[in-house]
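Student: Per my numbering: the sequence shown = residues 25 to 457. Quick reminder that beta carbons are idealized off the backbone N, C-alpha and C, glycines included. The structure displayed is predicted, hence computed values, not measured ones. One structure, pasted below without further comment.
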Amino acid sequence: RDVDGSCAAQRSPGRPRSTMAPILSKTVPPPPRTPEQAAALALRKTGPVLNAFLDILRESLERGHVALDETAKRLSALSDRVVTGTMRLLEGYCCMDLKKFARGPDPPLHGSLPILFVLMLLLMLYNAFVIGYMPAAGIELSSPTSLLFHAFIFLVFASFMQAIRTDPGGIPPGADWRTFGAPPADMQERKHESDEPRWCRKSQSYKPDRAHFCRVLGKPVLRMDHHCPWLGNTVGHGNHKFFYLFLMYTTGACAFLGINVFQLLVQETLPALNTFVLLGAEGLTLLLSVILVPFFLFHTWLLVRNMTTIEFLAKFRAQGSGEPRTMESAYDVGIFENLRSVLGDSPWLWWLPVGGPAGDGLRFDRRPPAGGRTAPEDEDPPNDPEAAHPSAETPSMWPPAEVEQSGSEADKALLATASSVHMSASSSTTAIS
């Protein structure tokens, strides 16, 4: 017999003889003896899978980044339309004078009645929790719910007092800002009509960027946001953080009390007197929340955009007049830096009514243009929002742009020629008038 089991006699003469393929013995690698060898073996086996996964993840991130940017732009444009539309509704249907709200009233408010009214509302809110909610819910003063609400109330009062007593900031003493004809070199904002440095005739000083004259305080306020009669103070660079924290913690206290009272009324059957008191407390929190929540969201939007109320109203009026303007701020340098410019350098202290904002309130970083380079001081300067109000500033009789005196005879002659031409034009205008 052959190897394959067939007989030689039975095999046909023309059929080739089959041969068996050789059997190759597979060598099994020895198992790893040390942890380093085991780790190397596992890495060698899983390396291709990990590389393929990382390639897929990298490609997904690259494509998803474009989608996220587009989504962020659409959400930003939507928020701009919502805020602008809300302000138009308030101005059109609620008879609210937004310009007067931002500038403050012409006559100052006498006495402290608005401050006492705010304190009375906070006292009513506290009594609603201590006298109305705590006995009905059967909780102790040391319970977590009570401690959390008392923490809210403490932060509300601390922020409120800090916002009242803190100076919003003014022009520092000295001749740097009070020498007419010699504006500081780092000023960027200009008047809207004449493109001159912003000289305030009421305070006899140059106004730093984002500073405006407050008629109630009678002085320029650094990074002025608006005059708040409920604080008896103007919100500016120095106390903007405390004003924002006061809004945030008051809104949080109202929401906390309102949710707890609502749950108690729904889940428990209470006596008539307790139900009446709790319904009054719920009505108070609902009324305050309706007022505070939109106001808090609006100022949060301004804070994220690094925009003041006056700057928002300037863009708001420009859009209403048909000018092609957007709600982008020239000082928007990123969310973290925007928050830091108001809430302070340390994020751990952002939530406490202590400390102060970053910077001196005289100079602010500006957002670089689309090309990526920082705009020079004389390139596309932001317009002065107060320039739309002629009563705030008297037109200057000085030349629109002064020639820098370098000491040479040519410069002096050019300066004299410009001055004489301007004086002749002014005399002609006066004669025509």
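Taking the alpha-carbon of Leu312 as reference, which of Ala91, Pro159, Val142, Ser218 has the nearest alpha-carbon?
Tutor: Among Ala91, Pro159, Val142, Ser218, the Cα nearest to that of Leu312 is on Val142.
Student: Should Asp356 and Asn362 be called a contact, given that it needs their Cβ atoms to be closer than 9 Å?
Tutor: Yes, the pair counts as a contact, with Cβ atoms nearer than the cut-off.
Student: Are the Cβ atoms of Ala277 and Ile177 separated by less than 9 Å?
Tutor: Yes, they are a contact pair.
Student: If you run the structure through DSSP and keep just helix, strand and coil, what is His323?
Tutor: Reduced to three states, the DSSP call for His323 is helix.
Student: What is the DSSP secondary structure of Arg214, reduced to helix, strand or coil?
Tutor: Note: Arg214 maps to strand in three-state DSSP.
Student: Beta carbon of Lys339: closer than 8 Å to some heavy atom of the ligand NAP?
Tutor: Among the components of this structure there are no ligands whatsoever, and the ligand NAP is therefore not found.
Student: Just how far apart, CA to CA, sit Pro381 and Phe388?
Tutor: Cα to Cα, Pro381 sits roughly 12 Å from Phe388.
Student: Output needed for Ala4: all residues of its chain with C-beta closer than 7 Å, excluding positions within five of it in sequence on either side, in chain order.
Tutor: Residue numbering for the chain in the displayed model covers 25 to 457; residue 4 lies beyond these limits and cannot be assessed.
Student: Please say whether Leu308 and Met148 have beta carbons closer to each other than 9 Å?
Tutor: Yes, these two residues count as a Cβ contact at 9 Å.
Student: How is Ser229 classed by DSSP in three states: helix, strand or coil?
Tutor: It is a strand residue.
Student: Is DSSP giving Trp254 helix, strand or coil here?
Tutor: Three-state result, Trp254: coil.
Student: What's the call for Gly162, buried or exposed, on a 16-neighbour Cβ count within 10 Å?
Tutor: Counting Cβ neighbours within 10 Å, Gly162 comes out exposed, since fewer than 16 surround it.
Student: Go through its chain and collect everything with a Cβ distance to Thr190's Cβ below 7 Å, but skip five positions before and after it.
Tutor: Cβ within range, chain order: Gly262, Asn263, Phe266.
Student: Assign Glu410 to one of three DSSP states: helix, strand, or coil.
Tutor: A caution first: Glu410 carries a pLDDT of 44, below 50, which makes its placement in the model unreliable, though a value can still be read off. In the structure shown, Glu410 sits in a helix (DSSP, three-state: H, G or I).
Student: Between Ala342, Leu74, Lys97, Leu310, which lies nearest to Phe286 when the distance is taken from Cα to Cα?
Tutor: Here the closest residue by C-alpha is Leu310.
Student: Evaluate the contact criterion for the stretch 312–328 versus the stretch 55–72: three or more CB pairs, one atom per stretch, below 8 Å.
Tutor: Taking 8 Å as the limit for Cβ pairs, the verdict is that the stretch 55–72 does not touch the stretch 312–328.
Student: Starting from Val240, trace the beta strand (DSSP E) in both directions and tell me its first and last residue.
Tutor: Here Val240 belongs to no beta strand (DSSP E), and DSSP marks it neither H nor E.
Student: For Cys224, which residues in the same chain have their Cβ closer than 8 Å to its Cβ, ignoring the five residues on either side in sequence?
Tutor: Taken in chain order, the residues that qualify are Tyr230, Lys231, Phe237, Pro244, Glu417.
Student: Give the range of the alpha helix (DSSP H) segment to which Met185 is assigned.
Tutor: Segment 168–189, the alpha helix (DSSP H) holding Met185.
Student: On the premise that Leu288 lies in contact with Ala160, defined as a C-beta separation below 8 Å, what is that separation, rounded to the nearest angstrom?
Tutor: Going by Cβ atoms, the distance from Ala160 to Leu288 rounds to 6 Å, so yes, they are a contact pair.
Student: If you draw a straight line from the C-alpha of Leu81 to the C-alpha of Pro72, how long is it?
Tutor: Going by the C-alpha atoms only, they are around 14 Å apart.
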